[in-house]
Amino acid sequence: GDPERIKQIVFNIAGNAIKFAPGGRVSLSVKVRDLRQDLHEVILHVRDNGEGIPPDRLRHLFKPYSQAREHHATMGTGLGLCIARQLASRMWGDITVSSLPGVGTTFRVSLKLEATRLQQRQEASRTQTATQPAQTATR
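Under the numbering used here, the letters of the sequence shown match residues 3 to 141, in that order.
And the structure:
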């Protein structure tokens, strides 16, 4: 995965959480799950205890120029979540959302990332070092 794309996804979603939970709490958690030796699934959860999103607005949330609430139209263009979801899909992933008005919102981002060649070499080196017997010096 492209680090710049991942950063943009996190900034868009975390930025929205901070913007719409003024004085509230925002948390970010990350889990990595190995799918294969060269493929990992990264799962991010961004949670806030803001005002939440009405159920009738959830299905429109990832559409261009959509806003969670009408009175927030001046707080952004409505493109951030749409762009974030497109970037996630380019990394074989998706973004989903659950929300309860008055309780808060949770965004779940899943991305499937291939190990880089450097990571693969480092892993191979660790495996090779771990399987080689210790050599003893003799004089």
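Positions of the beta carbon are idealized from the N, C-alpha and C atoms, including for glycine. Since the model is a prediction, treat every value here as computed from it, not as a measurement.
*asked:* For the ligand MG, is there any heavy atom lying closer than 7 Å to the beta carbon of leucine 102?
replied: Within the structure as shown, the ligand MG is missing, as the structure has no ligands at all.
*Quick one, which of Phe64, Glu43, Trp94, Ser112 has its alpha-carbon nearest asparagine 18's?*
Residue Phe64 is the option with its Cα nearest to asparagine 18.
*Three-way DSSP call (helix, strand, coil) for lysine 65 in this model*: Of the three classes helix, strand and coil, the one that applies to lysine 65 here is coil, per DSSP.
*Which same chain residues, not among the five before or five after histidine 62, have their C-beta less than 7 Å away from its C-beta?*
The residues are Ser68.
*asked:* Quick check on the DSSP output: the alpha helix (DSSP H) that includes glycine 17 runs from which residue to which?
replied: Here the alpha helix (DSSP H) through glycine 17 covers 5-22.
*asked:* Taking the straight line between their C-alpha atoms, what separation do you get for lysine 114 and glycine 25?
replied: Approximately 33 Å, taken between the alpha carbons.
*So, serine 112 versus isoleucine 45, is the Cβ gap smaller than 8 Å?*
In contact: serine 112 and isoleucine 45 (Cβ atoms closer than 8 Å).
_Residues that glutamate 53 bridges to, as DSSP identifies them_ = Answer by DSSP bridge pairing: none, since glutamate 53 is not bridged.
*asked:* Tell me the residue span of the alpha helix (DSSP H) that contains arginine 92.
replied: Judged by DSSP secondary structure, arginine 92 falls within the alpha helix (DSSP H) whose first and last residues are 82-92.
*Where aspartate 40 sits in the DSSP three-state scheme*: Coil at aspartate 40, not helix or strand.
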